[in-house]
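In the UniProt record's numbering, the protein residues as written are 1 to 170. Backbone N, C-alpha and C fix where the C-beta goes; we use that ideal spot for every residue, glycine too. Only a predicted model underlies this, so the values are computations on that prediction, with no experimental measurement involved. Worksheet for the structure shown next.
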């Protein structure tokens with residue numbers, strides 16, 4: 001039986017989702033602690049790691065793409081509350097879905113959301129430090145939590161498209 005088989009037991013699906021949640025969360029928090037307290041990126045500014053990747057320190061007081069940045073001191077609390085509600089819904093979905101990719105996606109998204117909530121509670125802002133760029137193109141500065149969220153959403157969308165095709169083929 002493959003990892004993505006719909007016949008995977010509920011226990012295994014849940015375990016996969018929670019392992020991904022913990023993996024994203026631990027990698028996110030460990031990378032941020034390393035960036036702040038070992039590498040001391042805030043003192044260095046921006047450092048080229050690869051020709052297409054820099055470590056660039058950004059304290060993100062908003063959400064994706066800087067949206068809702070004008071909420072002032074209430075912002076982190078509002079973002080934490082909304083994020084924790086989303087995490088609750090994701091964990092609820094993770095424990096009930098029959099689709100392995102959905103369970104995996106929920107875990108990755110929830111792990112990323114929790115990682116960013118921890119930052120908001122610790123620092124009042126999210127620690128972003130990965131800056132991808134190439135051929136004159138530059139992406140927003142992000143972190144491992146953001147990557148977990150984006151990858152989780154993409155996998156969930158792919159699973160939804162596959163589910164629609166399977167249903168149409170029946």
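From what residue to what residue does the alpha helix (DSSP H) around residue 108 run? 100 to 123
What's the C-alpha gap between residue 86 and residue 168? 30 Å
Should the region 126 to 139 be regarded as contacting the region 26 to 35, the criterion being three or more beta carbon pairs within less than 8 Å? yes
Endpoints, alpha helix (DSSP H) assigned at residue 79: 75 to 96
Considering only C-alpha positions, which residue in the set 39, 152, 103 and 50 is nearest to residue 12? 103
In the DSSP assignment, what are the bridge partners of residue 48? 54
Reference residue 53, options 146, 9, 139 and 159, closest by Cα: 139
Is any heavy atom in the ligand MG found nearer than 7 Å to the beta carbon of residue 109? With respect to small molecules bound, the structure shown includes none, and the ligand MG cannot be examined in it.
Would you mind sorting residue 149 into buried or exposed? The rule is 16 or more other CB atoms within 10 Å of its CB. buried
Hey, residue 171 and residue 107 are a contact pair by Cβ (cut 8 Å); roughly how many whole angstroms apart? Residue 171 lies beyond the residue range present for the chain, which begins at 1 and ends at 170; the question has no answer from this structure.
Provide the residue span of the beta strand (DSSP E) that contains residue 126, from first to last. 126 to 134
Which value, in whole angstroms, describes the spacing of the CA atoms of residue 152 and residue 93? 13 Å
By the 10 Å Cβ neighbour count, where 16 or more other Cβ atoms means buried, how is residue 119 classified, buried or exposed? buried
Could you give the uninterrupted runs of the alpha helix (DSSP H) lying entirely in the region 6 to 32, keeping only those of 4 residues or more? none
Please state if the CB of residue 112 and the CB of residue 24 are separated by a distance shorter than 8 Å. yes
What number of angstroms, rounded off, separates the C-alpha of residue 60 from the C-alpha of residue 143? 11 Å
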